[in-house]
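>
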Amino acid sequence: MSDFRPLSFSSFDQGFTNLRQQAERAQNDLDIAGGVALLGITASGAAPQGQGASPGAAATPGQPSPGLLAAVQADPSRLTRLLSSQSPGARAMGAAIVERLNPTPRQGQFFQTADGVLYGDPNTQSVRQVYQSPAKPQIIQTQDGSVVAVDPRAQQATPLFQAGPKAPAGFQAKAGGGLEPIPGGPEDQAAVASRRAEQAISAGYEPGTPEFKSFVSTGKLPSASVMAAGQPKPLPAAALKMQNEDLEIIQAAQSINQQLGNAEAQITSGQLALGPMSNFISGAKNWVGNSDQNSRNYASFIATLEKVRNDSLRLNKGVQTEGDAVRAWNELFQNINDQKLVKQRIKEITGLNQQAMEFRQNRINQIRTNYGHSDLDAASVVPGAAPTAGAAPQTSQPSQARASADPMEGRTASGPNGQKLIRRNGQWVPLNGQ
C-alpha cells in the first residue's frame, strides 16, 4: 500500500492566479467595449463614423485607444455621456480619458545644497536650480603688500593692487599719482610752520619780527640773536656750525619725543588699536578708501615712526646710546603688532633721546667754553630742553638721586675737540676733572 499524502492547494495557486487575471482582462474588455459602444465606435481604435481610422495599434487593455481619444476631442459631449453612464465600465473609461487628456500634475520637491536650492519636477523628470547662494569676494593682502580679491565660487583671484616702492616717511600716495605730505605728519609744511611758531614764541621772539619769520621759515636761529652786545669774540665758523647742528638736533629731538608721546597717548586712550588683525584691517581699509578713525591713526602712526626713527638715530649717533637706540628701534618695528611692547619701546626710546640731548647740550657748552663764551642755556633757545650746568636747576632732587636713576652714569665719550668726557650726576663733565 502506497503512502498517502495530503492534497496541497499550493500547487493550484498559479492556476488560480491565471484564471483570476483572465477574468479581470475579460471584464476590462467588456467595460471598454461598453464605453466604445456607448460612443458609437464599432471597435477599439476605430474612428467614429464619417472619420478616418486613427493610425496605430489598439489601446492597451483598460486604457482608451487613440481613436477613442480622438472621438472625445472631436465631440466633448461624448465624454459627458461616458461619465454620466450607468455602466461602471463606461464611467471608468471616461475617468481614464480625463486622466489622459488632463493628467494630474505631481508636486515637485525642493532640495537645499551648499550652492543654493534645487527643484525636482517628477512630471518632466528634470532638476533645475531655482536659487544660487551669493559668495562675496574676499580681499586679501599678500606678504609683499599687494591686494587681491578672491572669488570662492569661481575660485579665481583678481589683483586689485600691485605693491610698488614704499612712499618716503611722512608722505602718502595721491589718488592721481605722485606723493603728498600726510596731513599733520612730520613733512606737512603747515604743521611744521605751526610747531616752529610755537617754539619761536616760547623762545621769546615777537610774532612778525624778522627773527620770528626767519625761525618759522628755516627752523634756524638768526645770526643777530647769537651776536649780542657785550659778547666775546664771535665763535669761528667751524665751532658755530657744530653748535648750530647740535641745537637743530636737540630741537628735532624735542619734536621726536613729543610725537612719540602723542602716539603713546593714542594707544593708552584706545584711539589706536594695534594687533595682527587690527593692523591688517586698518591697512586694507585705507587702501580701498573706506578708512575710519583707527585706520587713519594707524597710517599716521606708521609714517611718524618711519620719520622719527631716522632723526632719533641721528641724535644718538656718536654717543654711548647709539647701540641701545638701534636695538630699541629694531625691536619696535619687529613687534609692531604687540601693543604693550610698542608702548614699552617708545618709553625706552624717549629716555635715550633725552640722554643724547643732554650730551649734545654739554658738548655745546664745551665748545663755547673753549672760545671764552659762557654756557648756552638750551632751554632759552629750544623749548623743553634740559638746563645747562650753569643754569638754575629745575628740580629739587639731589644730584646723587638723579645719578642713581641714570643708566648712563659712569660712561665716557669724546667731545668735539677730542677731549674725554664722563657721565657724572646726570651730566657730561671733562674726564680729567673727576
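Numbering (the UniProt record's numbering), first residue to last: 1 to 434.
The beta carbon of each residue, even a glycine, is placed where N, CA and C say it ideally should be.
1) Which value, in whole angstroms, describes the spacing of the CA atoms of D151 and G108?
2) By how many angstroms is the C-alpha of A74 removed from the C-alpha of L82?
3) Can you tell me whether S126 is helix, strand or coil according to DSSP?
4) Residues bridged to A303 by DSSP?
5) From T350 to E331, what distance separates their C-alpha atoms?
6) Looking only at its chain, what residues have a beta carbon closer than 7 Å to the beta carbon of G275, apart from the 5 residues adjacent to it on each side?
7) To the nearest whole angstrom, what separates the beta carbons of Q259 and V308, a pair I think is in contact under 8 Å?
8) Distance, Cα to Cα, N294 vs R345?
9) Work out the CA separation of Q125 and V72 for me, nearest whole Å.
10) Which two residues bound the contiguous alpha helix (DSSP H) that contains Q86?
11) What separation, rounded to the nearest whole angstrom, lies between the Cα atoms of S65 and L118?
12) Between the Cα of M242 and those of Q366, E348, N310, spot the shortest distance and give me the residue it belongs to.
13) Which of helix, strand or coil does DSSP assign to Q22?
14) For chain C, is any of its Cβ atoms less than 8 Å away from the one on Q243?
15) With which residues is Q138 paired in a DSSP beta bridge?
16) Run through DSSP, which three-state label would L118 get?
17) Who does F111 pair with in a DSSP beta bridge?
18) Straight-line CA distance for P430 to A252?
19) Ordered along the chain, which non-local residues of its own chain (more than five positions away) have a Cβ less than 7 Å from that of D311?
20) Which class does A203 belong to by DSSP, given the choice of helix, strand or coil?
21) With a threshold of 16 other CB atoms inside 10 Å of the CB of V288, please say whether the residue is buried or exposed.
22) Run the CB neighbour count on A392, radius 10 Å, all protein chains shown included, and call it buried at 16 or more, exposed below.
23) Spatial neighbours of A299 within its chain, please: C-beta separation below 6 Å, excluding the five flanking residues on both sides.
24) Using a 10 Å radius around the Cβ and a threshold of 16 neighbouring Cβ atoms, would you call S194 buried or exposed?
25) For residue 464, count neighbouring Cβ atoms within 10 angstroms of its own Cβ and tell me buried if that reaches 16, exposed if not.
26) From S202 to R196, what distance separates their C-alpha atoms?
27) May I ask you to report which of helix, strand or coil DSSP gives Q156?
28) Starting from K220, trace the alpha helix (DSSP H) in both directions and tell me its first and last residue.
29) Using C-beta distances below 6 Å, list every residue in its chain close to E322, excluding the 5 sequence neighbours before and after it, in chain order.
30) Among the residues of its own chain, which have a CB less than 7 Å from the CB of V192, if the five just before and after it don't count?
31) Could you spell out the range, first to last residue, of the alpha helix (DSSP H) harbouring L352?
32) Would you call V342 buried or exposed, if buried means 16 or more other Cβ atoms sit within 10 Å of its Cβ?
Taking the coordinates as given:
1) Position 151 of the sequence shown, counting from 1, holds the residue named residue 151. Position 108 of the sequence shown, counting from 1, holds the residue named residue 108. Each residue's CA atom was taken as its position, placing D151 and G108 some 33 Å apart.
2) As a working mapping, residue 82 is identified with position 82 in the sequence shown. As a working mapping, residue 74 is identified with position 74 in the sequence shown. L82 and A74: Cα-Cα distance of roughly 15 Å.
3) Mapped onto the sequence shown, residue 126 falls at position 126. Three-state result, S126: strand.
4) Position 303 of the sequence shown holds residue 303. None; A303 has no bridge partner.
5) Sequence index remark: in the sequence shown, residue 350 carries index 350 (1-based). Sequence index remark: in the sequence shown, residue 331 carries index 331 (1-based). Linking T350 to E331 through their CA atoms gives a straight-line distance of about 14 Å.
6) As a working note, residue 275 is residue 275 in the sequence shown. Cβ within range, chain order: N337, Q339.
7) One-based indexing of the sequence shown puts residue 259 at position 259. One-based indexing of the sequence shown puts residue 308 at position 308. Confirmed, about 6 Å.
8) Your numbering for residue 294 matches position 294 in the sequence shown. Your numbering for residue 345 matches position 345 in the sequence shown. The straight-line gap from Cα to Cα measures roughly 21 Å.
9) To locate residue 72, count along the sequence shown from 1; it is residue 72. To locate residue 125, count along the sequence shown from 1; it is residue 125. Roughly 29 Å between the two C-alpha positions.
10) The residue given as residue 86 occupies position 86 in the sequence shown. Per DSSP, Q86 lies in no alpha helix (DSSP H) and is assigned neither H nor E.
11) Against the sequence shown, residue 65 aligns to sequence position 65. Against the sequence shown, residue 118 aligns to sequence position 118. Straight-line measurement puts the Cα of L118 at about 38 Å from the Cα of S65.
12) As a first step, residue 242 must be located in the sequence shown, where it is residue number 242. Closest by C-alpha distance to M242, out of Q366, E348, N310, is Q366.
13) The residue given as residue 22 occupies position 22 in the sequence shown. Residue state, collapsed to three classes: helix.
14) The structure shown contains no chain C, having only a single protein chain.
15) Numbered from 1 along the sequence shown, position 138 holds the residue referred to as residue 138. Per DSSP, V150.
16) Counting from one through the sequence shown, the residue named residue 118 turns up at place 118. Under the three-state reduction of DSSP output, L118 falls in the strand class.
17) The residue you call residue 111 lines up with position 111 of the sequence shown. Partner residues in the beta bridge of F111, as assigned by DSSP, are L118.
18) Translated into the one-based positions of the sequence shown, residue 430 becomes position 430. Translated into the one-based positions of the sequence shown, residue 252 becomes position 252. Taking the CA atoms as reference points, P430 sits about 26 Å from A252.
19) Position 311 of the sequence shown, counting from 1, holds the residue named residue 311. The residues are A252, I256.
20) As a working note, residue 203 is residue 203 in the sequence shown. Here A203 sits in coil by DSSP.
21) Looking up residue 288 in the sequence shown gives position 288. With a threshold of 16 other beta carbon atoms within 10 Å, V288 falls short and is exposed.
22) Position 392 of the sequence shown, counted from the first residue, corresponds to residue 392. The pLDDT assigned to A392 is 35, lower than 50, so where the model puts this residue is not dependable; a value taken from the coordinates is nonetheless given after this. Around the Cβ of A392, a 10 Å sphere holds fewer than 16 other Cβ atoms; the residue is exposed.
23) Counted from its first residue, the sequence shown places residue 299 at position 299. Excluding positions up to five away in sequence, the list reads N286.
24) Residue 194 sits at position 194 when you count from the first residue of the sequence shown. Looking at its Cβ environment, which holds fewer than 16 other Cβ atoms inside 10 Å, S194 is exposed.
25) What the structure shows of the chain is the stretch from 1 to 434, and residue 464 is not part of that stretch, so it cannot be assessed.
26) To locate residue 202, count along the sequence shown from 1; it is residue 202. To locate residue 196, count along the sequence shown from 1; it is residue 196. Between S202 and R196, the C-alpha separation is close to 10 Å.
27) By 1-based counting over the sequence shown, the position of residue 156 is 156. In the structure shown, Q156 adopts extended strand secondary structure according to DSSP, grouped into three states.
28) For the purposes of this step, residue 220 is taken as residue 220 along the sequence shown, with counting starting at 1. Per DSSP, K220 belongs to no alpha helix (DSSP H) and is neither H nor E.
29) Numbered from its first residue, the sequence shown carries residue 322 at position 322. The residues are N316.
30) Counting from one through the sequence shown, the residue named residue 192 turns up at place 192. So the list is empty, once near-sequence residues are dropped.
31) Along the sequence shown, one-based indexing puts residue 352 at 352. 339-370 is the extent of the alpha helix (DSSP H) around L352.
32) Taking the sequence shown and counting its residues from 1, one reaches residue 342 at position 342. Under this definition V342 is a buried residue.
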